[in-house]
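Mapping of the sequence shown onto our numbering: residues 1366 to 1494, in sequence order.
The beta-carbon is built from N, C-alpha and C at its ideal position, and this holds for glycine as well.
Take a look at the structure below.
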Amino acid sequence: MRLRVYLPHSIVVDALTDKISAEAEYGLFTILPRHIDFTAPLEPCILSYFEDGAERFLAIDGGVLVKQGDNVNVSTLHGVEGDDLEHLERRILAAFRELDDHERATRAAVSRMEVDIVQRVFEFREEAP
């Protein structure tokens, strides 16, 4: 099977595999090559797959999985790869810190814009006859 994991800005995984495991709303599941086609809404989970005989891991924050023939496509907003669970944990923590910093900066920018809008409204009211 060909597994492709899509983020909004890139493809994070494009691999040939014979086994994929993930978690959907209804629980954990595993896909093997001859399984029927289906679609599943994914929960935040560790998606695992085998590539060249080695198990690989991808932490995702939910998404949608579509299996169609030999293609398995996953679409998610955030995904962090790791060769082992310990390495993956460190990468996830680093990604969360970066995301927190980005969100903090975004909130500050939005707050400055809101203050600017309120100031302009008051200035407009003072100028109006």
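Assigned secondary structure, residue i (DSSP; H/G/I helix, E/B strand, else coil)
| i | result |
| --- | --- |
| Arg-1399 | coil |
| Thr-1404 | strand |
| Ser-1413 | strand |
| Asp-1481 | helix |
| Ser-1386 | strand |
| Ser-1375 | coil |
| Leu-1450 | helix |
Cβ neighbour criterion (16 or more within 10 Å) applied to residue i
| i | result |
| --- | --- |
| Thr-1382 | buried |
| Val-1483 | exposed |
| Phe-1489 | exposed |
| Ile-1401 | exposed |
| Arg-1421 | buried |
CB contact flag (residue i, residue j, <7 Å)
| i | j | result |
| --- | --- | --- |
| Gly-1428 | Val-1439 | yes |
| Lys-1432 | Ile-1376 | no |
| Phe-1424 | Ile-1457 | According to the sequence displayed, residue 1424 carries Ala and not Phe. Contact flag set, yes. |
Between the CA atoms of residue j and residue i - distance to the nearest angstrom
| i | j | result |
| --- | --- | --- |
| Tyr-1391 | Met-1366 | 23 Å |
| Cys-1410 | Val-1486 | 46 Å |
| Asp-1417 | Thr-1471 | 41 Å |
Residue i: CB within 6 Å of a non-hydrogen atom of the ligand ADP
| i | result |
| --- | --- |
| Ile-1482 | In the structure shown, the ligand ADP is absent, as is every other ligand, since no ligand is present at all. |
For residue i, the first and last residue of its enclosing beta strand (DSSP E)
| i | result |
| --- | --- |
| Gly-1434 | Neither: Gly-1434 is in no beta strand (DSSP E) and is coded neither H nor E. |
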